[in-house]
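In what follows, a structure is listed as structure tokens, so that the remarks can point back to it.
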Amino acid sequence: MLLDAFTILTCAHVIGKEGRPAVAHPRLADRVPADVRWSDDRLDLALLISERPCLQRQPAAALPEIRLGEVATAGPLPHCEIVGFPRIQRYGDDGALDLDQYPATVLPTAGSVRGALVCTLDQPAAAERHDGTSPLRGLSGAPVFAGEVLLGIVTEVPRGRGHLRLEGAPVPETAIRRFTRLSARFERVTDRHPQDHLFEERYARALKARYQKTRIFGIDELSTGEATWDLDTAYLSLEADQQNREARGPFDAHAHSSQPRRIHDLLADRPRAVLRGEAGAGKTTLVWWLASHAVCGTLSPELAELNGLVPFVVPLRTVQARGSGLPTPGRLPAVAGLLTDDAPPGWAVRVLESGRALLLVDGVDEVPASERDNTRTWLTELLNLYPRTRCLATVRPLAVETDWLRSERFEDLTLLPMRDEDIQKFVTAWHTAARIECDAYTDRERAASEQAHLEHLEGELRAQFERNTALRTLARTPLLCAVICALHRRRGGLLPDTRWDLYRATLAMLLGSRDAQRNIGVPEGITMGFDEHQELLQAIAVWLVRGGQSQLSHEDAERQIEGAMRRLPHVKAQGPASAVLTYLLNRSGLLQERVGDVVQFIHRTFQDYLAARALVEGGSLPELLRNAHNEQWHDTILLAVGHCRPNEVKTLIEGLIEAGDATGDPTVRESVHVLAARCFLDAVVVDETVGERIAARVRALLPPRPESDLEVLGSLAAYLLPLLPDPGTLTEEESERTVRLISLIGGSEAVPAAARYARHGGRAARAHLCANWHRFPAEEYAREVLSAMPLAAEALFASRPEHLRELSTLPPIGFLGVLSDVTSEDLLRCLRDVRCGQLHLSGNDALRDVSFLPELTGLTSFSLTECPRVSDLSALARSSAEYLILDEGSFGQADLTPVREMPKLRALLLMYEGRSQAPRLPPPHARVLYLTIETARPLDLSAIGDWPSLQGLHIILASAPALDLTPLAGLTDLEVTVSFKGDDLSPDLMGAELLGDRLTVETPETV
122 MLLDAFTILT CAHVIGKEGR PAVAHPRLAD RVPADVRWSD DRLDLALLIS
172 ERPCLQRQPA AALPEIRLGE VATAGPLPHC EIVGFPRIQR YGDDGALDLD
222 QYPATVLPTA GSVRGALVCT LDQPAAAERH DGTSPLRGLS GAPVFAGEVL
272 LGIVTEVPRG RGHLRLEGAP VPETAIRRFT RLSARFERVT DRHPQDHLFE
322 ERYARALKAR YQKTRIFGID ELSTGEATWD LDTAYLSLEA DQQNREARGP
372 FDAHAHSSQP RRIHDLLADR PRAVLRGEAG AGKTTLVWWL ASHAVCGTLS
422 PELAELNGLV PFVVPLRTVQ ARGSGLPTPG RLPAVAGLLT DDAPPGWAVR
472 VLESGRALLL VDGVDEVPAS ERDNTRTWLT ELLNLYPRTR CLATVRPLAV
522 ETDWLRSERF EDLTLLPMRD EDIQKFVTAW HTAARIECDA YTDRERAASE
572 QAHLEHLEGE LRAQFERNTA LRTLARTPLL CAVICALHRR RGGLLPDTRW
622 DLYRATLAML LGSRDAQRNI GVPEGITMGF DEHQELLQAI AVWLVRGGQS
672 QLSHEDAERQ IEGAMRRLPH VKAQGPASAV LTYLLNRSGL LQERVGDVVQ
722 FIHRTFQDYL AARALVEGGS LPELLRNAHN EQWHDTILLA VGHCRPNEVK
772 TLIEGLIEAG DATGDPTVRE SVHVLAARCF LDAVVVDETV GERIAARVRA
822 LLPPRPESDL EVLGSLAAYL LPLLPDPGTL TEEESERTVR LISLIGGSEA
872 VPAAARYARH GGRAARAHLC ANWHRFPAEE YAREVLSAMP LAAEALFASR
922 PEHLRELSTL PPIGFLGVLS DVTSEDLLRC LRDVRCGQLH LSGNDALRDV
972 SFLPELTGLT SFSLTECPRV SDLSALARSS AEYLILDEGS FGQADLTPVR
1022 EMPKLRALLL MYEGRSQAPR LPPPHARVLY LTIETARPLD LSAIGDWPSL
1072 QGLHIILASA PALDLTPLAG LTDLEVTVSF KGDDLSPDLM GAELLGDRLT
1122 VETPETV
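In terms of our numbering, the sequence shown is residues 122 to 1128.
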């Protein structure tokens, strides 16, 4: 059985004991020599590695990753099959073999005492041959499949069973993990249905069709049609912040740093995460991208463990609108409304039990606050039932508490506003998608002309973003950036100044006269102007906001339209509400229909904008104030400011101040007073006394309380800075929380405040200031803040080239993390005069070697992680480092011999988190005292005895491979620690009893 192009699983008796085995295959012209990597006569199994590929294929048609599994039920497992080359299948004069296929049922209880895999054929294979031999003779080594999952191989055909019974051996998981480079995941097979495989193929196609495209604002000549484009063209991986967490190992720099990272990097090692983001930040787009690529196995290497998983997308707004309740496991495939037939009975449960599910829960904030606890309970119970399920849940920043799912081992991530370079990338992606769309034009001259025009518009808009700070501020989310691109195209380069102008222009663009301009007649028999469009949509929007919903049924939409039509005689005369709703769905560009006759706005922002306008126009400021404590109303209240007259602005803000004063809950008071301050900052005309009252309320919120949500306070940005308390009056804890707030604000305006706290704040405050250089202008921050601080005991992170240029101006640095793409020459030039004790390089795609190291004479510790292009480590031999950290992604196939030659090395940490190959250790070092190995792969410890000075060995298991500790039994001076990174790991520690009290086993509960 070929497990991959090089790896063969077969019977031990087939290869015998003498001579070198060779592999034959019907598609091979000759036999391929192979070596026995592992053999077990008791199991009658052997693993071979061929010296060249057994199948010559182009990379595009490479062997699919094999799925391996174990039977996890005591009852018969039907609908399995055995495929092999029995002797009876010889044909022609040359006796060439052909495959045969046998439907079978696996009998888990039969043979369980001996550990055998017993199968019974569903029907007799053939009559006994004339010479008395079995018609199944020659099937040794034939694979036993449950669908696509390999359960084991046939080892013998017992006599006396009418040629219906075969015995085999289960897939040897431990041996495969230890002796091969296979990265396959092992699945638990509890049931089997003959239609599972076909359904999974259809389900994958339906997921790809639904989620591989996204709506890009402004494509299709800004028409009302669904303007979609492939996510590979339009998708942009954004940055996210992570909540501080415990270190995942002795040198997990990311655990101590608040450096933002691309969302893909953060999701790679987080099986469960809550992703927070503002409206339009890209949460749903990420869910779609993950679903469409995971099911096709096309995710990038950092997310490779998600490839082949089965995504279950749960759009909570749709679930909420249908009123059908949260889905049971069996209903998960249907909840997204994909265009597939019903799944085979029990299919979803089989996927969940096998550990192949990727649960994507989108829009927790779309659930009314009163029902979110039910949602949490549902999710908790589902994951407790199926603990191997990976899960991502999306939510607006303030909809749930930061520890909402922490007990279920979820980690909090927050999508960040797009940086300047992200905006530029987005503009390029948007215009690229638009140009590709032109390829569909039948008029080639028109296509070429439009593409040239888009090329010009792209360059012009990129230039505007570079020189216009206010415009960049408006474009910090993918939604608004797309709107700006669309408006720039429509208006020939003229763009609005404020958020409200942006929304108004967008509505005018969508609801205006473009159908007439494009010579589209009146296909629905209805015509209406901009104001009538807006009035009808406002009626729907305000109903949704009042109900705490984001979707409604056709029936509810028609009722709201019918009410609005009483004020619109021209529209009422043209037809019933149902016809008007059809017109709005087809022509407005703001409404869309989802599966199950559900209607929603294309984005929640437009719903809130129109609802705010309707409430202000309807004199409903008291209603807005009554709902000030409800987070779901906050965006609507903020947008209402832009619709208010000056006296209404004063009424709204003062009402918010009084609403905050009246509550006894400090968290609600903080939220409402910050909301009042944000409304004040957005107002164009406002009374001076209102500003004084706002300042007093905000000042009362500082320094932040331990329970304060810094993201909420930070939304006030630079307005907070002159209101901050004197650092000399604060405790160390208050100082640290205030510095976190200053860092959230960031920018040049926050530098003076950071400088004050650098001089007078406590140790925790200084540590945070060092970790957040990236949030401030590099040179100014280095001069005003970092140069005034003692850095010898601090961790400083340089994530941009301009940071490196400032390092030589700073005091001695205890720990320096360089997290950017810089060459060895750049590092030598920038670090030669830097006094630094520990150096950590990570996330560097430009680094090829470490030739700069010998020049850093004061270095005691060096770490190299996530630097995939490094191929030369020879300079390590001339380094003064006493502590070395390397990950497999950084040394790849580089020669590790220089590690042995490091003169002062005493401690070594090697990380093998990838699943591509077995851990490769450097040659033994004569003076290393402590060796730490972190691995997700089986580990051969037979060479550990060659490390003569080794006193401590720490093994960190990131998955559950079996670990053979027997080779350590005779090393009586060696202390061994084995740690597990996952809560549900229970690997087999063979030989553990031989180590006695020299062995310490750490689980997440004992650490």
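Backbone N, C-alpha and C define an ideal beta-carbon position, used for all residues, glycine too.
Computed from a predicted structure; not experimentally measured.
So what's residue i in DSSP terms, helix, strand or just coil?
i: T498; result: helix
i: R286; result: strand
i: H200; result: strand
i: M630; result: helix
i: S836; result: coil
i: P256; result: coil
i: S671; result: coil
i: I63; result: Lying outside 122 to 1128, the shown extent of the chain, residue 63 is not represented and no answer is given.
i: V548; result: helix
i: F722; result: strand
i: H314; result: coil
i: A607; result: helix
i: T563; result: coil
i: T335; result: strand
i: Q959; result: strand
i: L736; result: helix
To the nearest angstrom, how far is the alpha carbon of residue i from that of residue j?
i: R477; j: L387; result: 20 Å
i: Y624; j: L601; result: 9 Å
i: I647; j: P432; result: 42 Å
i: S869; j: I774; result: 29 Å
i: C417; j: A330; result: 11 Å
i: G273; j: T1056; result: 26 Å
i: L198; j: C175; result: 32 Å
i: L948; j: D362; result: 27 Å
i: R620; j: L845; result: 28 Å
i: I209; j: Y223; result: 13 Å
i: F727; j: L608; result: 16 Å
Using 8 Å as the threshold, is the C-beta distance between residue i and residue j below it?
i: E360; j: R382; result: yes
i: S1070; j: L1095; result: no
i: R969; j: S1001; result: no
i: P229; j: T276; result: no
i: L328; j: S261; result: no
i: H889; j: R921; result: no
i: G205; j: V270; result: no
i: N725; j: S671; result: According to the sequence as given, residue 725 is Arg; it is not Asn. Closer than 8 Å, so yes.
i: G684; j: A660; result: yes
i: V770; j: A816; result: no
i: Q721; j: R517; result: no
i: R688; j: E738; result: no
i: I170; j: L287; result: no
i: L536; j: L396; result: yes
i: L862; j: L907; result: no
i: A899; j: E927; result: yes
i: A1064; j: P1043; result: no
i: C891; j: A916; result: yes
When you compare the CB of residue i with every CB in chain C, is at least one pair closer than 8 Å?
i: E487; result: The displayed structure is made up of one protein chain only, and chain C is not part of it.
Handout entry: Segment contact, 8 Å Cβ cut-off, at least three pairs: the stretch 485-501 with the stretch 464-471
Key = no
Problem - the stretch 507-524 contacting the stretch 574-584, beta-carbon criterion three pairs below 8 Å - result: no
Problem - Ranges of the alpha helix (DSSP H) found wholly within the stretch 879-948, counting only runs of at least 4 - result: 884-892, 899-905, 922-927
Problem - Segments of 3+ residues assigned as beta strand (DSSP E) that fall wholly inside the stretch 984-1065 - result: 1004-1008, 1028-1033, 1051-1056
Practice task
Output the residue ranges of the beta strand (DSSP E) runs that lie fully inside the stretch 425-460 and measure 3 residues or longer, sorted by chain position.
Solution key: 431-436
Problem - Continuous beta strand (DSSP E) assignments of at least 3 residues falling wholly in the stretch 756-808 - result: none
Exercise for the section: Indicate whether the contact test is met: 3 or more Cβ pairs, each with one atom in the stretch 538-547 and one in the stretch 448-464, closer than 8 Å. Expected result: no
Handout entry: In chain order, each alpha helix (DSSP H) run of at least 4 residues that lies wholly inside the stretch 376-412
Key = 384-389
Exercise for the section: Give a yes or no on contact between the stretch 867-885 and the stretch 549-562, applying the rule of three or more CB pairs nearer than 8 Å. Expected result: no
Problem - Touch test, the stretch 704-718 against the stretch 761-768, Cβ-Cβ under 8 Å, three pairs minimum - result: no
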